[in-house]
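Just so you know, the sequences run in chain order A and B.
Residues 255 to 434 (our numbering) are what the first sequence spells out, left to right.
Residues 111 to 474 (our numbering) are what the second sequence spells out, left to right.
Every residue, glycine too, gets a C-beta built ideally from N, C-alpha and C.
In this text, all values refer to a predicted model and were calculated from it rather than measured experimentally.
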Amino acid sequence: MSEKVILAGLGGQGMMLLGRLIAQAVMLEGKNVTFFPSYGTEVRGGTAYYHLTVSDEEIFSPVIEEADALIMMNFPSYLKFKDLLKPNSMLFVNSSMIDKIDNEKNIDVFRIPATKIANDIGNVVASNMVMLGAYNQVKNLVSIPIFLSCLKNVLKGRKEPFFEVNKLAIERGADFIKNF
Amino acid sequence: MTSTDENKKYLLTGNEACAEAAIQAGCRFYYGYPITPQNEILTHMAIRMPQVGGTSIQVESELAAINMVHGSAAAGARTMTSSSSPGISLKQEGISYLAGSELPCVIVNIQRGGPGLGDISPSQADYFQAVKGGGHGDYHTIVLAPSSVQETADLVYDAFDLADRYRNPVMILGDAQLGQMMESVVFNKKCEPDSFKKEWALTGATGRKRNIIKSFYPVQGELEEFNAKLQEKYSLIKSKEVRYEEINTEDADIVVVAYGTCARICKEILMKNKIPNIKIGLLRPITLWPYPSQVIQEIAGKVQAILTVEMSAGQMVEDVRLSVSGRCPVYFYGRTGGGIPSPKDIIRKIIEIIPVKEKATCAT
Numbered sequence: 255m256s257e258k259v260i261l262a263g264l265g266g267q268g269m270m271l272l273g274r275l276i277a278q279a280v281m282l283e284g285k286n287v288t289f290f291p292s293y294g295t296e297v298r299g300g301t302a303y304y305h306l307t308v309s310d311e312e313i314f315s316p317v318i319e320e321a322d323a324l325i326m327m328n329f330p331s332y333l334k335f336k337d338l339l340k341p342n343s344m345l346f347v348n349s350s351m352i353d354k355i356d357n358e359k360n361i362d363v364f365r366i367p368a369t370k371i372a373n374d375i376g377n378v379v380a381s382n383m384v385m386l387g388a389y390n391q392v393k394n395l396v397s398i399p400i401f402l403s404c405l406k407n408v409l410k411g412r413k414e415p416f417f418e419v420n421k422l423a424i425e426r427g428a429d430f431i432k433n434f
Numbered sequence: 111m112t113s114t115d116e117n118k119k120y121l122l123t124g125n126e127a128c129a130e131a132a133i134q135a136g137c138r139f140y141y142g143y144p145i146t147p148q149n150e151i152l153t154h155m156a157i158r159m160p161q162v163g164g165t166s167i168q169v170e171s172e173l174a175a176i177n178m179v180h181g182s183a184a185a186g187a188r189t190m191t192s193s194s195s196p197g198i199s200l201k202q203e204g205i206s207y208l209a210g211s212e213l214p215c216v217i218v219n220i221q222r223g224g225p226g227l228g229d230i231s232p233s234q235a236d237y238f239q240a241v242k243g244g245g246h247g248d249y250h251t252i253v254l255a256p257s258s259v260q261e262t263a264d265l266v267y268d269a270f271d272l273a274d275r276y277r278n279p280v281m282i283l284g285d286a287q288l289g290q291m292m293e294s295v296v297f298n299k300k301c302e303p304d305s306f307k308k309e310w311a312l313t314g315a316t317g318r319k320r321n322i323i324k325s326f327y328p329v330q331g332e333l334e335e336f337n338a339k340l341q342e343k344y345s346l347i348k349s350k351e352v353r354y355e356e357i358n359t360e361d362a363d364i365v366v367v368a369y370g371t372c373a374r375i376c377k378e379i380l381m382k383n384k385i386p387n388i389k390i391g392l393l394r395p396i397t398l399w400p401y402p403s404q405v406i407q408e409i410a411g412k413v414q415a416i417l418t419v420e421m422s423a424g425q426m427v428e429d430v431r432l433s434v435s436g437r438c439p440v441y442f443y444g445r446t447g448g449g450i451p452s453p454k455d456i457i458r459k460i461i462e463i464i465p466v467k468e469k470a471t472c473a474t
């Protein structure tokens, strides 16, 4: 088993947190994981991107050249990474912010209105968790209970009230795919 | 992170693992000046050192950092500083003094692109500086090059032991990718800093003769004598501390020599059998000084060619050529200024080399 995912979005859309939590959860399940974030001279409004590799075997290059899946939160991110999808891979887009998709490689495209769904349940910030719910419903990469326990560790103190909305967002993302 | 459990897996960046391993290894004095891409070392130390009764200072400059290391090392403590390429250049005078005073310490260089202020992307262009001296005078630092987050932690433990054993500065030579990426890591190496008796240290001369730590030998002949002693120590290190990883080098057509991040990328080509018709081996130096010349020399007698892959314009390849001494052709593939070699590019290079070599064999 091996999965190479690129997560990207506008700085602030929560891709760093999402990627790190997935990495932590799969690590706790005993899989090997490498999480390589972009860093440094990114600008406000720029693309923040993360390479996440999960495997039962040793992981070599942390840089993804051919992705099994992309989780894209906004249009500039999609444009930047669409060519890295390999044939028969999967594209998960936040359709609230990405409308135009060219599908030359005949890949599976999942259009999830993540921003809208998150907004509807009361917190637009949880759009990243909607994407996780959808992605995981298809790929079953991470155990959601373990993921939630990792999330709980992050949402401490004044952030604690946000746990429930995040949990709900994951469920709504999964539900969206079930009815896809 | 407030403490570490020896059986627990942590998801950490290479930088954080480096800092935590130093603490586990008994380092209690850390001095650093911020520079991307190694800032996580400084922040981790700032959080963790007070918890273990240690000292972490964000100092006013790189020069201050390296010279504070000098002071702590002279007093017999386990001490470390870290920086990235431009900052390490600033520390070179201090490193020469540390080597000249035979003071054990650990210096971490999470390399970024150069020359000058360069950029903040991964690079291996400080190889010459790290292994050929860097500062003035006939000296060497022991240079360890990890290629994963776990190995970064493991080598930091070893770095402190090596430093104390040989009374010599040890450098951890990483790069931005290694520093920034997150992987799982366990901290389970046993470390006994007190097993190294430091009778030479400046601990107050009550009840004993005074100790002197210096690198100044103005009397005619004294310095030459001291240099001879240093060279003797370096010979001993060369004979005992060479480390490398060797994969599929037996009956390989071509062996790739690469360290750190580049070695990981090359491993992908080997292990995933990306070129079925060509047998590829990998030699990954773990110590860059002392360099694994002997094993490269042996490999050179058995293969059609050696390819060196680096994130530089060609630095380690010179040591490979010296080791090979003309026994087989040595090729080079490198990227500079933050470019990371991709498996595809390396495969293309290998395919380019091997047919050429076959023709040459037919001709002779």
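So, for residue i: in the same chain, excluding its five sequence neighbours on each side, which residues have a beta-carbon less than 6 Å away from its beta-carbon?
| i | result |
| --- | --- |
| residue 314 of chain B | none |
| residue 371 of chain A | 384 and 426 |
| residue 167 of chain B | 141 |
| residue 158 of chain B | 133 |
| residue 287 of chain B | 232 and 371 |
| residue 155 of chain B | 129, 140 and 166 |
| residue 290 of chain A | 305 and 316 |
| residue 316 of chain B | none |
Thinking C-beta only, is residue j closer than 9 Å to residue i?
| i | j | result |
| --- | --- | --- |
| residue 139 of chain B | residue 214 of chain B | no |
| residue 326 of chain A | residue 361 of chain A | no |
| residue 205 of chain B | residue 289 of chain B | no |
| residue 301 of chain B | residue 129 of chain B | no |
| residue 419 of chain A | residue 380 of chain A | yes |
| residue 405 of chain B | residue 417 of chain B | no |
| residue 286 of chain A | residue 313 of chain A | yes |
| residue 292 of chain B | residue 274 of chain A | yes |
| residue 385 of chain B | residue 460 of chain B | yes |
| residue 447 of chain B | residue 193 of chain B | no |
| residue 292 of chain A | residue 257 of chain A | no |
| residue 233 of chain B | residue 426 of chain B | no |
| residue 345 of chain A | residue 318 of chain A | no |
| residue 144 of chain B | residue 220 of chain B | no |
| residue 296 of chain B | residue 117 of chain B | yes |
| residue 351 of chain B | residue 400 of chain B | yes |
| residue 324 of chain B | residue 186 of chain B | no |
| residue 173 of chain B | residue 276 of chain B | no |
| residue 260 of chain B | residue 127 of chain B | yes |
| residue 189 of chain B | residue 218 of chain B | no |
| residue 369 of chain B | residue 250 of chain B | no |
| residue 386 of chain A | residue 424 of chain A | yes |
| residue 357 of chain B | residue 333 of chain B | no |
Using C-beta distances below 8 Å, list every residue in its chain close to residue i, excluding the 5 sequence neighbours before and after it, in chain order.
| i | result |
| --- | --- |
| residue 278 of chain A | 404 |
| residue 239 of chain B | 198, 199 and 202 |
| residue 441 of chain B | 415, 416, 417, 418, 459 and 463 |
| residue 312 of chain B | 184, 185, 186, 321 and 323 |
Using a Cβ cut-off of 8 Å, pull out every chain E residue sitting near residue i, in sequence order please.
| i | result |
| --- | --- |
| residue 378 of chain A | Although the question refers to chain E, the structure presented lacks it and instead comprises the protein chains A and B. |
Please identify the residue among the options whose C-alpha is closest to the C-alpha of residue i.
| i | options | result |
| --- | --- | --- |
| residue 363 of chain B | B:433, B:439 and B:145 | B:439 |
| residue 330 of chain A | A:413, A:303 and A:407 | A:303 |
| residue 131 of chain B | B:390, B:372, B:113 and B:401 | B:113 |
| residue 268 of chain B | B:148, B:353 and B:244 | B:353 |
| residue 415 of chain B | B:431, B:133 and B:303 | B:431 |
| residue 343 of chain A | A:428, A:393, A:263 and A:283 | A:393 |
| residue 421 of chain A | A:408, A:411, A:402 and A:432 | A:402 |
| residue 433 of chain A | A:364, A:398 and A:359 | A:364 |
Note down, in chain order, each residue of its chain lying with its Cβ closer than 7 Å to the Cβ of residue i, except the 5 sequence neighbours on either side.
| i | result |
| --- | --- |
| residue 396 of chain A | 276, 279, 280 and 390 |
| residue 247 of chain B | 206 and 210 |
| residue 359 of chain B | 365, 391, 393 and 409 |
| residue 430 of chain A | 366, 371 and 388 |
| residue 270 of chain A | 291, 302 and 304 |
For residue i, which beta-bridge partners are listed by DSSP?
| i | result |
| --- | --- |
| residue 330 of chain A | According to DSSP, residue 330 of chain A bridges with nothing at all. |
| residue 139 of chain B | B:165 and B:189 |
| residue 215 of chain B | B:279 |
| residue 284 of chain B | B:220 |
| residue 258 of chain A | A:307 |
| residue 232 of chain B | B:222 |
| residue 253 of chain B | B:281 and B:399 |
| residue 160 of chain B | Paired residues: none, contrary to the question. |
| residue 362 of chain A | A:344 |
| residue 356 of chain B | B:393 |
| residue 292 of chain B | A:289 and B:123 |
| residue 442 of chain B | B:418 |
Taking contact to mean at least 3 C-beta pairs separated by less than 8 Å, is the segment 217–228 of chain B in contact with the segment 409–423 of chain A? no
Quick one: any contact between the segment 451–463 of chain B and the segment 376–383 of chain B, if contact means 3 or more CB pairs under 8 Å? yes
Would you be able to state if there are at least three C-beta pairs under 8 Å between the segment 250–266 of chain B and the segment 386–400 of chain B? Contact holds: three or more Cβ-Cβ distances are below 8 Å.
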